[in-house]
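Protein chains: 2
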Amino acid sequence: MSRKYADESASPTDLPGGRVGRPPVTSRPEILAAARRLIDRDGWDKLSVRRLAAELGIGTATLYRQVRDKEELLLLLLTEYAGRTRPPSLPADPSERIVAAASALHETLADWPWAAEVLTTDGFVGVLGESALWTVEAVVAGAIDAGCTDERAVEIFRSIWYYTVGEILVRARSAKARAAGTRPAAPDGFFGRIDPDRLPRLAALGDRWPELAARDTYTAGLHALVSGLLSAG
Amino acid sequence: MSRKYADESASPTDLPGGRVGRPPVTSRPEILAAARRLIDRDGWDKLSVRRLAAELGIGTATLYRQVRDKEELLLLLLTEYAGRTRPPSLPADPSERIVAAASALHETLADWPWAAEVLTTDGFVGVLGESALWTVEAVVAGAIDAGCTDERAVEIFRSIWYYTVGEILVRARSAKARAAGTRPAAPDGFFGRIDPDRLPRLAALGDRWPELAARDTYTAGLHALVSGLLSAG
DNA sequence: CGTACTTTCGGGACATGTCCCGAAACTATC
DNA sequence: GATAGTTTCGGGACATGTCCCGAAAGTACG
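Here the protein sequences line up with chains S and V, keeping their order.
Here numbering that gives the first Met the number 0 is used: the first residue of the first sequence is 0, the next is one more, and so on.
Here numbering that gives the first Met the number 0 is used: the first residue of the second sequence is 0, the next is one more, and so on.
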């Protein structure tokens with residue numbers, strides 16, 4: 000019971016007066032700043048809970064008193080450092096507005112390699128923080144302006160969210176795999192070995208798949224998705 | 000050099016004669032069968048490299064001689080046990096055919112909770128195995144039949160792939176988070192605290208977000224995506 | 001000041017993914 | 001059969017995410 004994490008939505012150190020007990024020696028902002036320092040110095044891959052605790056000069060378990068788990072740490076970082084985008088001037092046309100907002104979200108997240116590993120729970124809305132919620136607002140508002148119901152508007156946002164998260168995830172993982180010692184994308188001559196009777200189109204593509212799959216697809220697909228969503232609306 | 004993993008695309012134990020050196024005591028099929036046994040008995044969460052090695056009665060490091068890493072293990076499992084779907088009779092209409100194929104892929108993957116954690120590299124094509132490639136074939140063929148170029152057809156497949164992977168990932172992670180002790184989706188009263196001047200539509204949704212976000216969105220979004228993709232041609 | 005209560009502190013423990021490296025085992029060739 | 005060459009074997013090591021639990025350090029109230 001007393002061991003359970005406080006269910007406070009705000010960080011303990013943010014609470015106003017009236018606290019009881021020993022005050023924490025390290026605040027959440029300090030933790031995030033230290034994490035940022037570590038990342039800037041040694042890169043993402045070197046960020047670990049232990050290292051971070053060492054950087055802060057506290058015990059590992061102590062850090063876990065301020066941050067529920069690594070996922071939360073990454074989410075907080077994302078909110079703090081990536082979520083600070085300001086709404087650009089969005090187009091008036093609902094469809095274009097949605098596309099612009101989604102693109103902005105995509106661009107922001109794409110800069111943070113681990114974003115897709117983490118930003119995928121229901122909680123993303125709460126976690127993105129107000130600083131990036133304008134994206135959600137813009138999509139929902141665009142859909143409603145285009146004549147959709149509230150239900151449909153949220154559905155539309157979620158479809159766009161799936162698509163965006165999926166693209167980022169696939170691209171990030173692919174890049175990582177490519178960097179970390181050529182895990183072969185497809186076995187050599189893979190398409191050459193495809194049975195042309197059962198899979199004629201793929202066989203016809205032959206070895207062009209890797210080349211074709213290397214292009215950027217996000218934007219075109221996003222336009223298609225939005226226009227399809229709105230016209231089904 | 001002699002320590003490096005062989006770059007053979009086929010499993011070592013599949014190779015024909017002519018081997019040199021001590022033969023492995025455990026073959027890849029045995030490994031997969033044991034993993035399957037372990038999963039059926041103790042569930043996904045309990046599957047670990049160490050447990051698997053113990054189940055096989057071999058050392059952990061020995062297992063790593065047959066399987067590059069855990070990701071490869073999961074991919075092999077996915078190919079072996081989830082990739083065995085047979086192509087259903089697909090509709091003749093290109094658009095409907097694409098939707099049907101994508102839905103089948105989605106359904107297959109959705110049954111495997113860790114699928115999205117793993118099936119996201121460029122290599123998915125090689126890894127899915129011929130047993131599930133009919134899905135890719137159906138989408139590409141549908142797009143080409145609808146008048147798309149090869150390039151566009153592959154782009155379309157990738158858009159659908161992003162969308163599908165994203166949906167599975169988000170849903171799987173959400174379910175996991177929900178199961179593992181209510182990490183609050185959005186802080187209590189979150190939308191109540193939204194500034195109605197800056198985010199009017201979200202504020203208007205009020206507390207309905209969780210309810211609205213709980214519905215199934217995949218199918219509707221997929222239809223929209225496909226029709227958008229095809230009409231953008 | 002002293003006592004009761006509440007909270008944090010942090011050493012250490014556990015399970016995990018991964019891999020080094022010397023020993024063992026097998027094949028091919030003489 | 002001996003020897004060289006090549007491969008696997010597996011104990012142990014390392015770093016990691018997570019957490020238990022006794023000790024320490026604060027606050028509130030008398």
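Yeah, the Cβ is synthetic: ideal placement off N, Cα and C, and Gly gets one too.
About 5 Å separates the Cβ atoms of residue 98 of chain V and residue 225 of chain V, confirming a contact at the 8 Å cut-off. With respect to the 9 Å criterion, residue 143 of chain V and residue 131 of chain V are not classified as neighbours on the basis of their beta carbons.
For residue 94 of chain V, there are no C-beta contacts with chain S under 8 Å, since the nearest C-beta of that chain is about 11 Å from it.
In this structure residue 101 of chain V is in contact with residue 163 of chain V, their Cβ atoms being roughly 6 Å apart against a cut-off of 8 Å. In this structure, the CA atom of residue 196 of chain V is about 49 Å from the CA atom of residue 208 of chain S. In the structure shown, residue 68 of chain S adopts coil according to DSSP, grouped into three states. At a cut-off of 9 Å between beta-carbon atoms, residue 203 of chain S makes contact with chain V.
Of the residues S/93, S/20 and S/31, the one whose Cα lies closest to the Cα of residue 155 of chain S is S/93. Going by beta carbons, residue 29 of chain S and residue 55 of chain S fall inside the 9 Å limit. No Cβ-Cβ contact shorter than 9 Å links residue 167 of chain S with residue 222 of chain S. Listed along chain S, the residues sitting closer than 9 Å to residue 223 of chain V by beta-carbon distance are 155, 158, 223, 224, 225, 226, 227, 228, 229, 230, 231 and 232. At a cut-off of 9 Å, the C-beta of residue 149 of chain V has a neighbouring C-beta in chain S. Scanning chain V for C-beta atoms nearer than 7 Å to the C-beta of residue 72 of chain S yields nothing, as the closest lies near 13 Å away. Proximity of residue 220 of chain S to chain V, defined by a Cβ-Cβ separation below 9 Å, is satisfied. Per DSSP, residue 22 of chain V lies in no alpha helix (DSSP H) and is assigned neither H nor E. Listed along the chain, the chain V residues whose CB falls inside 7 Å of the CB of residue 135 of chain S are 201. Assigned with DSSP and collapsed to three states, residue 113 of chain S falls in coil, not helix or strand.
DSSP places residue 146 of chain V outside both helix and strand once states are collapsed to three, so it counts as coil. The continuous alpha helix (DSSP H) containing residue 39 of chain V extends over residues 27–41. Among the residues of chain V, those whose CB is under 8 Å from the CB of residue 139 of chain S are 200, 201 and 204, following chain order.
Judged by DSSP secondary structure, residue 218 of chain V falls within the alpha helix (DSSP H) whose first and last residues are 217–230.
Around the beta carbon of residue 136 of chain V, 16 or more other beta carbons lie within 10 angstroms, which makes this residue buried. When the beta-carbon positions are compared, residue 111 of chain V and residue 161 of chain V stay at least 9 Å from each other. Looking from the CA of residue 204 of chain V, the closest CA among S/206, S/148 and S/91 belongs to S/148. Put simply, of S/45, S/53 and S/43 the residue whose alpha carbon is nearest the alpha carbon of residue 25 of chain S is S/53. Closer than 9 Å to the CB of residue 54 of chain V there is not a single CB belonging to chain S. For residue 62 of chain V against residue 48 of chain V, the beta-carbon gap comes to about 6 Å, under 8 Å, which counts as contact. Across the set V/91, V/77, V/34 and V/157, the C-alpha of V/91 shows the shortest separation from the C-alpha of residue 141 of chain V.
Contacts with chain V at 9 Å (Cβ-Cβ) include residue 217 of chain S.
Relative to the Cα of residue 35 of chain S, the nearest Cα in the group S/177, S/174, S/21 and S/75 belongs to S/75. The beta carbon of residue 59 of chain V sits closer than 7 Å to those of 48, 49 and 52, all from its chain and outside the five residues before and after it, given in chain order. The residue among S/159, S/32 and S/113 with its C-alpha nearest the C-alpha of residue 217 of chain S is S/159. Closer than 9 Å to the CB of residue 152 of chain V there is at least one CB belonging to chain S. For the pair residue 109 of chain S and residue 170 of chain S, the CB atoms are nearer than the 9 Å cut-off. For residue 51 of chain S, no chain V residue has a C-beta closer than 9 Å to its own C-beta; the minimum C-beta separation is roughly 20 Å.
Of all residues in the segment 164–176 of chain V, only 164, 165, 166, 168, 169, 172, 173 and 176 place a beta-carbon less than 7 Å from a beta-carbon of chain S.
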